[in-house]
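Going left to right, the sequence shown walks through residues 36 to 210 as this note's numbering numbers them.
For every residue, glycine included, the Cβ atom is placed at its ideal position computed from N, Cα and C.
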Amino acid sequence: MWRWWIVARITQDDGVLPKNQSAAKNNMKTSLFLGAALLIAALVSTSTVRLQAQAADGTSSGPRSGETTPDKSARKGVRSVPFRGKVAALDSQKRTFTLSGPKQRVFQLSSDTPIEKDGKPAGFADIAVGDEARGLYQSDADQLVVLKASFGPKPDASSGTSKTARSGKTDESGS
């Protein structure tokens with residue numbers, strides 16, 4: 036009796052399974068292998084079809100010979116970036132203004148850039164050194180091109196008055 040127990044124990048440790056369990060494991064392995072093979076075949080065929088379609092249309096995902104790849108900003112799309120600060124300098128010839136701070140960033144205003152001052156439409160001549168500036172810009176090559184700009188104190192959204200008008204402060208600089 037004890038011999039039967041030792042023989043059964045050895046066969047279990049060696050990984051010998053009864054016939055019905057062994058067949059089930061082999062079926063599962065086969066199914067997983069076939070599923071993985073079908074998935075790989077589907078991925079390869081769709082990428083091949085896509086490349087053939089691009090070749091027929093004349094489009095491609097990479098550069099052709101003699102072409103250069105566009106920079107990252109062109110691939111990602113143009114992104115507008117907010118700015119805020121005080122005007123430190125103005126250049127009416129170039130239509131630029133510089134914001135004070137450690138970076139001393141220079142922003143370019145085009146003739147069609149919408150400009151507001153104190154919540155009302157304004158022109159470049161209405162901007163003064165010391166005005167609070169805020170808006171959106173885009174980086175174009177080595178210039179910071181302004182898309183939208185507002186100057187002067189930020190108006191209160193609920194009443195339409197500026198912060199300085201609400202607080203009773205007056206502008207003592209005479210501008």
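| Query | Result |
| --- | --- |
| Selected residue, minimal CA-CA separation from Arg-169, among Lys-121, Ala-176, Gln-128 | Lys-121 |
| Spatial neighbours of Ala-71 in its chain, beta-carbon cut-off 7 angstroms, leaving aside the 5 residues before and after | none |
| Residue interval of the beta strand (DSSP E) (run including Lys-152) | 150–152 |
| Proximity winner among Gly-158, Phe-159, Ser-146, Ser-135, relative to Leu-165 (alpha-carbon distances) | Note that residue 165 corresponds to Gly in the displayed sequence, not to Leu. Closest by alpha carbon: Ser-135. |
| Nearest-angstrom Cα separation, counted from Gln-139 out to Thr-220 | The structure shown does not extend to residue 220, since the chain spans only 36 to 210, so no value can be given for it. |
| According to DSSP, residues forming a beta bridge with Asp-126 | Thr-131 |
| Continuous beta strand (DSSP E) stretch holding Ser-146: start and end | Taken as a continuous stretch (DSSP letters only), Ser-146 belongs to no beta strand (DSSP E), as it is neither H nor E. |
| Contact under 7 angstroms by Cβ, Gln-143 with Thr-133 | no |
| Thr-65 versus Thr-81: straight-line alpha-carbon distance, rounded | 24 angstroms |
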